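Visitor:
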Amino acid sequence: MSFTLPELPYSYDALETAIDAKTMEIHHSKHHNTYVTNLNNAIAGSELEGKDLDTLVKQAGSLSAAVRNNGGGHWNHTFFWELMTPNSTGAPSGSLADAINASFGDLASFKQQFTQAGLGRFGSGWAWLIINTSGQLQITSTPNQDNPLMDIAEVKGTPILGLDVWEHAYYLRYQNRRPDYINAWWEVVNWDKVAQLYTAHK
Ligand code: MN3
Numbered sequence: 037m038s039f040t041l042p043e044l045p046y047s048y049d050a051l052e053t054a055i056d057a058k059t060m061e062i063h064h065s066k067h068h069n070t071y072v073t074n075l076n077n078a079i080a081g082s083e084l085e086g087k088d089l090d091t092l093v094k095q096a097g098s099l100s101a102a103v104r105n106n107g108g109g110h111w112n113h114t115f116f117w118e119l120m121t122p123n124s125t126g127a128p129s130g131s132l133a134d135a136i137n138a139s140f141g142d143l144a145s146f147k148q149q150f151t152q153a154g155l156g157r158f159g160s161g162w163a164w165l166i167i168n169t170s171g172q173l174q175i176t177s178t179p180n181q182d183n184p185l186m187d188i189a190e191v192k193g194t195p196i197l198g199l200d201v202w203e204h205a206y207y208l209r210y211q212n213r214r215p216d217y218i219n220a221w222w223e224v225v226n227w228d229k230v231a232q233l234y235t236a237h238k
């Protein structure tokens, strides 16, 4: 069994308020697709073939760079697409909102700290909101296509929100202006999905 590129849950132009259709198309059909292809090539004929993606990612430290980078790339992008929607509620509600307020003060402070994690990631990588190994919400970031599920992650936990801050995620519209990209991205966050993940993993 090999890995396949998942369909987006919306059209390429659905997030236009934050991310232009051309960027979405290239990001999904070229970048993500390449991670899938390279992952399949990297595990073909090896003992890793047939293992599920979570299992691979969690043992990243003992994998080749090709499997770690492309497996992480496939996991991260599959996750990222689901965390955006053209019908964002704009803010979390219920137990997720309570947990964010308890951990970060209020939503504005959370957004500011998460944004800072994305801006502070030098070069390419991701910002994350995770449930850490103590069961607490925590903001972290990872380089390249690493993620907090990986055994080699500096801060480990289960991601419930993630943001791609590679230049390929925003360069066509925003060029070097990563802060503008992150600022606009908040408008398309799928808070219902974040809440689902929070409830499932807390
Ligand atoms: Mn990307």
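Under my numbering, residues 37 to 238 are what the sequence shown spells out, in order.
Even for Gly, the Cβ is constructed at its ideal location relative to N, Cα and C.
Fair warning: this is a prediction, and the values are worked out from it, not measured in the lab.
#1: Along the alpha helix (DSSP H) that carries T73, what are the first and last residues, could you check?
#2: Measuring alpha carbon to alpha carbon, tell me which residue in I196, P122, H63 is nearest T235.
#3: Straight-line CA distance for H64 to T169?
#4: Answer yes or no: the CB of F115 versus the heavy atoms of the ligand FMN, is any distance below 8 Å?
#5: From E43 to F146, what does the alpha carbon distance come to, in whole angstroms?
#6: Tell me the residue span of the alpha helix (DSSP H) that contains N105.
#7: Can you tell me which of the three DSSP states Q148 falls into?
#8: Quick one: Cα of I136 to Cα of S82, how far?
#9: Could you tell me whether the Cβ atoms of K66 and I79 are closer together than 9 Å?
#10: Counting along the chain, where does the beta strand (DSSP E) carrying T178 start and finish?
#11: On the criterion of 16 or more Cβ atoms from any shown chain inside 10 Å, does S129 qualify as buried, or is it exposed?
#12: If I measure Cβ to Cβ from L75 and keep anything under 6 Å in the same chain, skipping five residues before and after, which residues do I get?
#13: Express the C-alpha separation of R209 and A57 in angstroms, rounding to a whole number.
#14: Quick check: the Cα distance between I218 and Q95, rounded to an integer number of angstroms?
#15: How would you write the range of the alpha helix (DSSP H) that G130 sits in, first residue to last?
#16: Any heavy atom of the ligand MN3 within a distance shorter than 8 Å of the CB on N105?
#17: Where do the ends of the alpha helix (DSSP H) carrying I62 lie?
Guide: According to the structure data:
#1: Note, T73: alpha helix (DSSP H), 69 to 79.
#2: The shortest C-alpha separation from T235 is found at I196.
#3: Their Cα atoms are separated by approximately 31 Å.
#4: The ligand content of the structure shown is limited to the ligand MN3, which means the ligand FMN is not among them.
#5: Rounded to the nearest angstrom, the two C-alpha atoms are 30 Å apart.
#6: N105 -> alpha helix (DSSP H) spans 101 to 118.
#7: Assigned with DSSP and collapsed to three states, Q148 falls in helix.
#8: For I136 and S82, the gap between their C-alpha atoms comes out near 42 Å.
#9: Result no, Cβ atoms of K66 and I79 do not sit closer than 9 Å.
#10: If you look at T178, you'll find it in the beta strand (DSSP E) that goes 173 to 179.
#11: It is exposed - the Cβ of S129 has fewer than 16 other Cβ atoms within 10 Å.
#12: Taken in chain order, the residues that qualify are F39, N106, G107, H110.
#13: A straight-line Cα-Cα distance of about 10 Å links A57 and R209.
#14: Between I218 and Q95, the alpha-carbon positions lie close to 30 Å from each other.
#15: Looking at the DSSP string, the run of the alpha helix (DSSP H) that includes G130 is 130 to 140.
#16: No, the beta carbon of N105 sits no closer than 8 Å to any heavy atom of the ligand MN3.
#17: From DSSP, the alpha helix (DSSP H) with I62 extends over 57 to 62.
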